[in-house]
Each structure stands twice: as structure tokens, then as C-alpha cells.
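**Student:** Quick note on numbering: the sequence shown equals residues 5 to 435 in my numbering. My questions all concern the structure below.
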Amino acid sequence: MILVSVPTGIFALGVISLTFLAAFLLSGVFAPTPKYEITNRDQLPSNNSSEFLDLVESLVDAKVNRNGSLEVLKNGSLFYTAELEAIRGAQRSVNLEAYIFQKSAIGRQYLEALTERARSGVQVNIVIDAFGSAGATRSFFRRLLEAGGKVSRYNFPTWYRMTRLDNRTHRELLIVDGSVGFIGGAGIADQWYSGLHGNPSWRDTMVRVEGDAVPNLQATFAENWLAACGELLNGEAYFPKITSTQSTAAIVVNSTPTVGGSTRARVLFQLLLASAKSSISITTPYFLPDKSLTRELCRAVEERGVKLRILVPGRKSDHLLTRSTSRGGYGPLLKVGAEVYEYQPAMIHAKILCVDELWAVVGSTNFDNRSFGINDEVNLAVCDAAFAKQLEDDMTADRAESRRISLAEWKHRPVSERAPELLGWIFERQQ
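Next comes the structure, spelled out in C-alpha cells:
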């Protein structure tokens with residue numbers, strides 16, 4: 005045996021280099037988030053004013069679209085049917101972005117429809133997250149690719165992306181012919197379609213969008229399509245002239261983390277919560293608010309008498325560790341009088357915020373640090389009482405199938421549930 009000695013200096017340099025690399029990669033998990041403290045609160049405009057709309061438009065750097073129509077699609081039986089119908093009717097282009105696109109019965113229906121359109125000369129582009137859709141291999145998309153469709157993976161692991169490995173596209177978007185779009189929280193997988201392993205299908209919401217907001221959805225897709233494959237989309241197949249006579253106020257807020265960890269999604273949520281005067285209704289699959297967000301919610305209840313209702317998954321959550329950690333954070337909210345409900349029939353995956361029965365936000369953002377500070381996300385923020393009422397009515401129906409958690413129950417949760425909370429906190433950004 006030949007022993008090779010390594011100079012002490014080189015060994016020490018290697019240890020230091022590995023330590024720095026590990027610290028750099030883990031900083032995305034453990035680094036603190038911005039505090040998001042709002043200055044001059046007494047000068048915050050009323051959220052039913054044009055001044056507030058202008059403020060939101062400025063701070064999230066996205067324009068208010070004044071014309072268009074919105075359709076709420078509850079659960080896979082509705083939104084998959086509507087999306088497939090739109091794809092099958094496509095004449096020029098289909099762009100799809102998904103965090104989750106799985107080998108599945110519903111996935112094969114999408115591929116069949118997309119492949120048929122590609123063969124007919126429609127430009128079909130798909131960008132999927134390299135992590136969330138890892139199981140959808142190139143062979144799964146072979147027929148689509150042979151028909152002329154294109155598939156790219158967002159942030160595929162390579163050595164030169166080491167510093168951004170934790171960044172994922174969590175967006176769920178479909179834009180057809182540049183004139184109709186779909187946005188929400190659902191991917192393309194059988195848990196939303198027929199259920200898996202004897203479990204019922206997930207509860208989720210998508211929104212069908214027509215009108216002036218659709219080019220903004222297209223631009224959001226184009227951003228990550230460019231990042232994934234280097235192509236910059238252009239032309240009438242993607243950006244046709246939009247005409248709409250229906251009036252609404254909708255803002256497409258696409259979000260990607262800055263160097264400091266701030267995002268436009270978090271700015272949007274913070275502003276709306278701070279503006280609430282009467283009610284806040286939240287539905288989210290992963291409720292892990294940081295201290296700033298928890299303080300904002302508590303302040304709304306304590307200082308302004310806002311009715312706060314939060315709907316989260318019950319025991320059928322797909323991430324039991326995350327659920328345990330989430331339950332550990334109920335305390336401050338329950339103490340000030342917030343209502344917390346756990347959905348019983350199935351996993352609830354809808355991501356909805358309603359404020360004062362006027363503002364509504366639907367999209368891909370969860371109430372957790374990963375969505376607010378690490379992922380690429382997209383949301384549709386709408387200032388429209390009729391639209392907000394639709395979502396509020398759905399949440400009322402969901403709460404009727406949920407169990408309300410009391411402060412007394414929370415205080416006496418078993419040690420077996422408390423024990424994983426610390427471990428869950430460590431991994432909460434990875435959900």
C-alpha cells in the first residue's frame with residue numbers, strides 16, 4: 005500500500021472551501037426574511053379607493069388590467085375539463101408552465117391533446133420544474149417532441165447553477181392562443197383528477213382568464229421559457245390583439261426572489277392584510293407564516309377588529325411534518341380571536357386570500373417562506389366584489405366540511421405532536 009500525504013495547508017484550505025460552500029447552499033434555508041414593516045400606516049389609502057389600487061400597481065410593479073372576464077373553476081372535474089377543451093381548440097399556440105406534471109392518467113390526456121395540436125401546426129411549449137416534475141422523463145414526452153412540441157426544464161441542476169439550486173418555478177399556468185389563460189394552484193397529476201391510493205381527489209381552485217390580463221400571464225410564462233431554453237417569444241400567435249367589453253380590475257403579479265429575499269408576492273399579501281378593515285379569509289395548504297406576517301394578522305384582529313378565518317388541511321395533508329409545524333404556530337392567532345379550521349374530506353390545496361369581500365388573490369403562492377422568498381410564483385389579484393364573493397362562498401362551503409380548532413385544544417395538543425415541530429421548522433422552506 006502506498007500512502008500519499010496531503011500537505012496540512014491544502015487540507016485546511018479544502019475544509020474551509022467545503023465549509024463556505026455548505027454555508028452558502030444552506031443560507032437559502034436558514035437566512036432571515038425581510039421584516040416587511042409598513043411605514044406611515046396612518047397614510048395607507050382605503051382598499052376600495054383608486055389611490056390604493058395605484059399603490060398596489062406601483063409596489064408590485066404590475067399594471068392594473070381594467071377589462072376582462074374571470075371564471076372560478078372548483079376542483080379537477082371542472083378545471084381539467086376546461087383546460088383540455090381550450091387546448092383542443094387551440095389554433096396558434098399553447099404555453100404551459102407547471103411545477104408538477106406527472107406521469108399519470110390526466111397527464112396522458114394532456115399529452116394526447118397537446119400532441120394532436122402540435123401535429124396540426126400549433127406551437128406547443130411546455131416548461132416544467134426540474135425538481136417538481138422530475139418523474140416526467142423525456143421518454144414520457146417523446147410523442148409530443150416528435151410532433152414538433154417543445155419541452156424545457158426550469159433550473160435543471162448543473163454546476164453553474166449551484167448557487168440557485170433551491171429556486172424553483174412553482175407557477176401553474178396555461179395560455180392558449182394568447183387569448184385565454186388559466187391560473188391557480190393545481191398541477192397536472194392524478195391527486196387532483198381521481199385521487200391516489202384510495203384517497204379522494206384534492207380540493208383546489210383555478211381561474212379561467214380572458215381579456216387584458218392574458219398578455220401578462222403570457223409574459224410571465226415567457227420569462228421562464230426564456231430562462232429554460234433561451235427563446236424570447238414574439239408574434240401574434242402569442243400576443244394577439246385583445247378585446248374585451250367586461251369591466252374588472254385584475255393584476256397579474258409574477259414573483260421571483262431578489263438578492264435580499266423579498267418578492268412581489270409578499271409585498272402584495274402584506275399590503276392587502278394591512279389594508280383589511282372587516283374580514284380576512286385565507287385558504288392555504290401550507291400555513292407557515294413568519295413573525296412579520298403573524299404580527300400583521302394579529303394586528304388586524306386586535307387593532308381593527310377584523311374577522312380572520314384561516315382554512316388549512318386536516319389529517320389528510322400530504323405533508324404531515326409541515327402540518328405539525330403549522331399547528332404549532334396557531335397559538336398567537338387563536339389567542340387574539342382568529343378562527344382556524346382544518347379541512348376534513350381531502351387534502352385542500354387551494355391558495356386563496358379574500359380581504360373585505362372586495363379583494364381576492366388566487367395563484368400559486370402558499371403562506372410559507374418557500375413561496376414568499378425562494379420560489380418563482382404567480383398570482384392574480386382582483387379588486388371585484390362579485391369575484392371575491394364567489395371565492396368567499398366556496399370557502400364558506402369548505403369551512404362547513406372542516407373542524408374548528410379551539411385555543412384550549414391547541415394548548416393541550418399531545419407531546420407526540422409537539423415533538424416534530426422543531427424538525428418541521430428546519431425543513432419548512434423545502435415544502
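Ideal Cβ positions, reconstructed from N, Cα and C, are used throughout, including at glycine.
Within this structure, are the beta carbons of Ala134 and Asn99 separated by less than 8 Å?
**Tutor:** Position 130 of the sequence shown, counted from the first residue, corresponds to residue 134. Position 95 of the sequence shown, counted from the first residue, corresponds to residue 99. Not in contact: Ala134 and Asn99 (Cβ atoms no closer than 8 Å).
**Student:** Under 8 Å: do the stretch 268 to 282 and the stretch 405 to 418 share three or more Cβ pairs, one atom per stretch?
**Tutor:** no
**Student:** Any contact between the stretch 137 to 144 and the stretch 219 to 228? By contact I mean 3 or more CB pairs, one from each, below 8 Å.
**Tutor:** Fewer than three Cβ pairs drawn from the stretch 137 to 144 and the stretch 219 to 228 lie within less than 8 Å of each other, which leaves the two stretches out of contact.
**Student:** Might you give, ordered along the chain, the residues of its own chain that have their beta carbon closer than 8 Å to the beta carbon of Ser183, omitting 5 neighbours on each side?
**Tutor:** Translated into positions along the sequence shown, residue 183 becomes position 179. Once the five neighbours on either side are set aside, the close Cβ partners of Ser183 are Glu214, Val218, Pro244, Ile246.
**Student:** CB-CB under 6 Å to Val365, same chain, minus the five flanking residues each way: which ones, in chain order?
**Tutor:** The count along the sequence shown starts at 1 and reaches residue 365 at position 361. Within the same chain, Val365 has close Cβ partners Leu357, Asn383, Ala385.
**Student:** Could you check whether Thr287 and Met399 sit closer than 8 Å to each other, using their CB atoms as the reference points?
**Tutor:** In the sequence shown, residue 399 corresponds to position 395, counting from 1. In the sequence shown, residue 287 corresponds to position 283, counting from 1. Thr287 sits close to Met399, with the two beta carbons spaced by under 8 Å.
**Student:** Among the residues of its own chain, which have a CB less than 7 Å from the CB of Ala232, if the five just before and after it don't count?
**Tutor:** On the sequence shown, position 228 is the one that residue 232 refers to. Hits under 7 Å: Val131, Ser156, Arg157, Tyr158.
**Student:** I'd like to confirm the pairing. Which residues does DSSP put opposite Phe186 in its beta bridges?
**Tutor:** One-based indexing of the sequence shown puts residue 186 at position 182. The partner list for Phe186 (beta bridge, DSSP) reads Leu178, Arg212.
**Student:** Check this for me: beta carbons of Trp414 and Tyr347, under 8 Å apart or not?
**Tutor:** Counting from 1 along the sequence shown, the entry for residue 414 is found at position 410. Counting from 1 along the sequence shown, the entry for residue 347 is found at position 343. Their beta carbons are not under 8 Å apart, which means Trp414 does not touch Tyr347 by this criterion.
**Student:** Could you check if Arg433 is buried or exposed, using at least 16 other CB atoms within 10 Å of its CB as the buried criterion?
**Tutor:** Counted from its first residue, the sequence shown places residue 433 at position 429. With a pLDDT of only 46 at Arg433, under 50, the local geometry of the prediction cannot be trusted, and the value read off the model is given with reservation. When all chains shown are included, Arg433 counts as buried.
**Student:** Can you find a heavy atom of the ligand PLP that lies under 7 Å from the Cβ of Asn379?
**Tutor:** Absence of the ligand PLP from the depicted structure is noted, as is the absence of any ligand whatsoever, leaving it without description.
**Student:** What are the complete alpha helix (DSSP H) segments, minimum 4 residues, inside the stretch 368 to 392?
**Tutor:** 373 to 377
**Student:** With DSSP as the reference, label Asn228 as helix, strand or coil.
**Tutor:** Residue mapping note: residue 228 aligns to position 224 of the sequence shown, counting from 1. The answer is helix: DSSP assigns Asn228 an H, G or I state.
**Student:** Could you tell me which whole alpha helix (DSSP H) segments of length 4 or greater appear in the stretch 46 to 79?
**Tutor:** 54 to 63
**Student:** Would you mind working out which of Ser420, Ser410, Asp397, Ser368 sits nearest Arg172, comparing C-alpha positions?
**Tutor:** Against the sequence shown, residue 172 aligns to sequence position 168. Answer by Cα proximity: Ser368.
**Student:** Select from Phe291, Gly377, Glu150 the residue whose C-alpha is nearest the C-alpha of Val263.
**Tutor:** Residue 263 sits at position 259 when you count from the first residue of the sequence shown. Of Phe291, Gly377, Glu150, the residue nearest in Cα terms is Gly377.
**Student:** Would you mind reading off the limits of the alpha helix (DSSP H) that contains Ile110?
**Tutor:** Sequence index remark: in the sequence shown, residue 110 carries index 106 (1-based). From DSSP, the alpha helix (DSSP H) with Ile110 extends over 109 to 123.
**Student:** Do Leu177 and Leu221 have their C-beta atoms within less than 8 Å of each other?
**Tutor:** By one-based count along the sequence shown, residue 177 stands at place 173. By one-based count along the sequence shown, residue 221 stands at place 217. Cβ distance < 8 Å, so Leu177 and Leu221 count as in contact.
**Student:** Is the separation between the beta-carbon of Asp216 and that of Asn71 shorter than 8 Å?
**Tutor:** As a first step, residue 216 must be located in the sequence shown, where it is residue number 212. As a first step, residue 71 must be located in the sequence shown, where it is residue number 67. In this structure, Asp216 lies near Asn71, with their beta-carbon atoms less than 8 Å apart.
**Student:** Could you tell me how far apart the beta carbons of Ser97 and Gln127 are, in whole angstroms, since I believe they sit closer than 8 Å?
**Tutor:** Numbered from its first residue, the sequence shown carries residue 97 at position 93. Numbered from its first residue, the sequence shown carries residue 127 at position 123. Indeed, because the Cβ distance is near 4 Å, the residues count as touching under 8 Å.
**Student:** Along the chain, where does the beta strand (DSSP E) containing Gln127 start, and where does it finish?
**Tutor:** Taking the sequence shown and counting its residues from 1, the one referred to as residue 127 is at position 123. Note, Gln127: beta strand (DSSP E), 127 to 133.
**Student:** Taking the straight line between their C-alpha atoms, what separation do you get for Phe431 and Ala241?
**Tutor:** Position 427 of the sequence shown, counted from the first residue, corresponds to residue 431. Position 237 of the sequence shown, counted from the first residue, corresponds to residue 241. Reliability of the predicted coordinates at Phe431 is poor, the pLDDT of 49 falling under 50, and no value is obtained from them.
**Student:** Could you name the residues that DSSP lists as bridge partners for Ile192?
**Tutor:** In the sequence shown, residue 192 corresponds to position 188, counting from 1. In the DSSP output, where bridge partners are listed per residue, Ile192 has Phe105.
**Student:** Hey, out of Ala350, Asp388, Ala223, Thr329, whose CA is closest to Ser420's CA?
**Tutor:** The residue given as residue 420 occupies position 416 in the sequence shown. Ranking the options by Cα distance to Ser420, first place goes to Thr329.
**Student:** Between Ala190, Leu315, Ala269, which lies nearest to Val64 when the distance is taken from Cα to Cα?
**Tutor:** For the purposes of this step, residue 64 is identified with residue 60 of the sequence shown, where counting begins at 1. The shortest C-alpha separation from Val64 is found at Ala269.
**Student:** Does His416 pass the burial test, meaning 16 or more other C-beta atoms within 10 Å, or should it be called exposed?
**Tutor:** Here residue 416 corresponds to residue number 412 of the sequence shown, with the count starting at 1. Its Cβ having fewer than 16 others within 10 Å, His416 is exposed.
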